[in-house]
């Protein structure tokens, strides 16, 4: 018997031929379209990987840790650290100016540590009466001092702290020291934690990991 071409309304022109008895070949399901990531959404928070992980402890694809924007009042950690350094540079400038005044009076050269100029003495007393907490606020108050020499000293301190920050302070050395000290402290804290965990038994209300049950 001759084969007949199966014609269906709306069917494509390349309709398959009807075949004799036997199982028809199974039709493979068409693959689903790939799911694209939703833009504007972040991945769920995950535990920070170890310091030796492939992402260096990062929580994002770029290896950076996510610090919430409100962690430091909207400031980045770097900006927060810069503010602390600004206060440090202000104190350094004060000590530098006081040392310069003492050198001019011959205090160091002649071995007389008590020798000091009026600027040195007045600046020292002012620092005792007004401890430095905010570098800018401290300098602003000094610039309104009734003594003209102290107002000029405040302008001098502005220049000294800028010169020290831009050309004297070793930021690379600070970075190495910070990481070194932090690593050492972490190792000590971990060693103390392990020692405390080993000295406590489970029967004393502590778990195998050393945490209170």
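Residue numbers (my numbering): 36 to 248.
Every residue gets a Cβ at the ideal spot worked out from N, C-alpha and C, and that includes glycine.
Note that this is a predicted model, so its numbers are computed, not measured.
Residue i, buried or exposed, once every other Cβ within 10 Å from all chains shown has been counted against 16
{"i": "residue 133", "result": "buried"}
{"i": "residue 229", "result": "exposed"}
{"i": "residue 124", "result": "buried"}
{"i": "residue 234", "result": "exposed"}
{"i": "residue 183", "result": "exposed"}
{"i": "residue 98", "result": "exposed"}
{"i": "residue 82", "result": "The pLDDT assigned to residue 82 is 42, lower than 50, so where the model puts this residue is not dependable, and the model offers no usable value."}
{"i": "residue 145", "result": "Since pLDDT at residue 145 reaches only 46, below the 50 mark, its modelled position is unreliable, and the value read off the structure follows with that caveat. The residue in question, residue 145, is exposed, as its Cβ has fewer than 16 Cβ neighbours within 10 Å."}
Inter-residue spacing [alpha-carbon to alpha-carbon] between residue i and residue j
{"i": "residue 332", "j": "residue 223", "result": "The chain is shown from 36 up to 248; residue 332 falls before or after that span and cannot be answered."}
{"i": "residue 121", "j": "residue 203", "result": "14 Å"}
{"i": "residue 168", "j": "residue 118", "result": "11 Å"}
{"i": "residue 109", "j": "residue 116", "result": "13 Å"}
{"i": "residue 96", "j": "residue 178", "result": "49 Å"}
{"i": "residue 185", "j": "residue 218", "result": "44 Å"}
{"i": "residue 166", "j": "residue 107", "result": "24 Å"}
{"i": "residue 226", "j": "residue 181", "result": "56 Å"}
{"i": "residue 209", "j": "residue 160", "result": "31 Å"}
{"i": "residue 28", "j": "residue 111", "result": "In the structure displayed, the chain extends from 36 to 248; residue 28 sits before or after that span and is not available."}
{"i": "residue 221", "j": "residue 214", "result": "10 Å"}
{"i": "residue 113", "j": "residue 207", "result": "14 Å"}
{"i": "residue 306", "j": "residue 201", "result": "Outside the modelled stretch of the chain, which goes from 36 to 248, sits residue 306, for which no answer is possible."}
{"i": "residue 199", "j": "residue 100", "result": "31 Å"}
{"i": "residue 194", "j": "residue 205", "result": "18 Å"}
{"i": "residue 130", "j": "residue 216", "result": "26 Å"}
{"i": "residue 190", "j": "residue 135", "result": "15 Å"}
C-beta atoms of residue i and residue j nearer than 8 Å
{"i": "residue 311", "j": "residue 174", "result": "For residue 311 there is no data in the structure shown, the boundaries of the chain being 36 and 248."}
{"i": "residue 188", "j": "residue 158", "result": "yes"}
{"i": "residue 196", "j": "residue 102", "result": "no"}
{"i": "residue 176", "j": "residue 155", "result": "no"}
{"i": "residue 152", "j": "residue 139", "result": "yes"}
* Asked: Which whole runs of the alpha helix (DSSP H) in the segment 111-196 are 4 residues long or more, in chain order?
  -> Secondary structure within the segment 111-196: the alpha helix (DSSP H) runs of 4 or more consecutive residues, fully enclosed, are 112-139, 153-164 and 170-177 (chain order).
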